[in-house]
Amino acid sequence: MSKLLIALGGNALGNSPTEQLELVREASRSIVDLIEAGHDVILSHGNGPQVGMIHQVFDETDAQPDVPMAEAVAMSQGYIGYHLQQALREELGRRGIDKAVASVVTQTLVAKDDPAFQHPTKPIGQFYTKDEAGRFEKKGMVFVEDSGRGYRRVIPSPEPIEIIEVDVIRSLVAAGHIVIAGGGGGIPVVREDGRLVGVDAVIDKDRASELLARELDVDVLFILTAVDQVAVDFGKPTQRGLAKLSVDEAREHIQDGQFPAGSMLPKVESALSFVTSRPGREAIITSLERAGEAIAGKTGTMFVEEVVVK
């Protein structure tokens, strides 16, 4: 069977701890279906809503210190990992499957001179009024107006270079454990005077998951989202789902602007990066509910180096 890395979206985990716990219980059933079928599974996850909640709590009072982004990501990894561990253990136990589950607090190295640090573009957290945003800007934060809905903080989103804890993760996977790692793209760190230092940034979850998948030499990268398939002309009468995409076809659709920059584009680009990194690798974009069907080729969008016409 295959070694899979499954990248769960943060929005699929809900907007409160209570909602999240219920949703991960639902998610665990689909994940354990794959484990029961004999696949080795590594999980990564997003954390956008969860980091937003963490910042909101600290922003509500001036009496609390500001929480750096690196620490906020670490907090989110902890409590999302806790919920995923609990839900997976319950479902594994219910089916009589004897497997351990472990969460690894994961750091992701980025370059100090990444151009993203000069051009923060990634919106995080809640919406603020102009006056509220001005108060935070005095603390050095950057805010932008967002489509008439208010002001949101934007931070850099540098490219991931290295998963710091990859050797630990690899050892746990080799021992047969289910590993949760790379949450929220990983805690962003740079090398400074021989040590790792957290920075105010957010790493794209799909790009970091793709890097982790390559470093762990997995066979299939699963990127899970809200739709069953990637589509062209999304939301139009001419919308068409794509069951299989070659590298050349996907690049052509990107060139045509078919995939929105803030949602599907990084997923498609991450899938392309993975399948072109070594012959025989596959990437699948689908919904969590259809993951089992997708690996059997019944739904989802599979990315391959070349589509063979029979």
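Counting in the working numbering, the sequence shown runs from 38 upward without gaps.
Glycine included, every Cβ here is placed at the ideal spot set by N, Cα and C.
Predicted, not measured: the structure shown is a model, and the values here were computed from it.
Query	Result
C-alpha distance - Ile79 paired with Tyr119, whole-angstrom precision	15 Å
Rounded straight-line distance, which links the Cα of Leu253 to that of Leu42	9 Å
Continuous alpha helix (DSSP H) stretch holding Phe173: start and end	Lys167 to Glu174
Among Glu342, Glu289, Gln266 and Thr313, the one whose alpha carbon lies nearest that of Arg327	Gln266
Residue of Leu146, Leu60 and Leu129 minimising C-alpha distance to Gly231	Leu146
Top-ranked residue by Cα proximity to Ser67, from Asp150, Pro197 and Glu330	Glu330
Pairwise C-alpha distance: Ile217 and Glu202	12 Å
Nearest-angstrom Cα separation, counted from Ala287 out to Ile281	Note that residue 281 is Lys in the sequence shown, not Ile. Computed Cα separation, rounded: 10 Å.
Assigned secondary structure, Phe180 (DSSP; H/G/I helix, E/B strand, else coil)	strand
Own chain partners of Lys304 with C-beta closer than 7 Å, once the 5 adjacent residues on each side are dropped	Asp243, Ile260, Thr262 and Ile322
Nearest to Ala212 (by Cα), restricted to the options Leu279, Val69, Val138 and Ala111	Val138
Per DSSP, the bridge partner or partners of Ala360	The question about residue 360 has no answer, for the chain in this structure spans 38 to 347.
Exposed unless 16 or more other CB atoms sit within 10 angstroms - verdict on Pro105	exposed
Alpha carbon of Arg255 to alpha carbon of Phe173, nearest angstrom	Contrary to the premise, residue 255 reads as Val rather than Arg in this sequence. Cα-Cα distance, rounded: 42 Å.
Straight-line Cα distance separating Pro297 from Val345	In this prediction, Val345 has a pLDDT of 48, which is less than 50 and means its spatial position is unreliable; what the coordinates show is noted afterwards. Going by the C-alpha atoms only, they are around 28 Å apart.
Ala74 burial status per 10 Å Cβ neighbour count (16 or more: buried)	exposed
Whole-number beta carbon distance between Ile215 and Ile72, since they are thought to touch under 8 Å	7 Å
Residue from His76, Asp77 and Arg126 whose Cα sits closest to the Cα of Ser65	Arg126
Inter-residue CB distance, Gly220 and Gln114 (contact presumed, cutoff 8 Å)	4 Å
Nearest residue (CA-CA) to Leu258, options Val181, Ser314 and Asp293	Ser314
Proximity below 9 Å, CB of Ile192 to CB of Lys159	yes
Residues bridged to Lys281 (per DSSP)	Met339
Rounded Cβ spacing between Gly222 and Val210 (contact assumed at less than 8 Å)	Contact flag wrong, Cβ pair sits at about 19 Å.
Own chain partners of Gln295 with C-beta closer than 6 Å, once the 5 adjacent residues on each side are dropped	Val269
Of the residues Ser283, Pro197, Val226 and Leu58, the one placed nearest Ala111, counting alpha carbons only	Val226
Distance, Ile117 Cα to Ser324 Cα	19 Å
Glu127 - partner residues in DSSP beta bridges	In the DSSP output, where bridge partners are listed per residue, Glu127 has none listed.
First through last residue of the beta strand (DSSP E) which encompasses Thr145	Gln144 to Leu146
Buried/exposed call for Pro157, threshold 16 Cβ in 10 Å	buried
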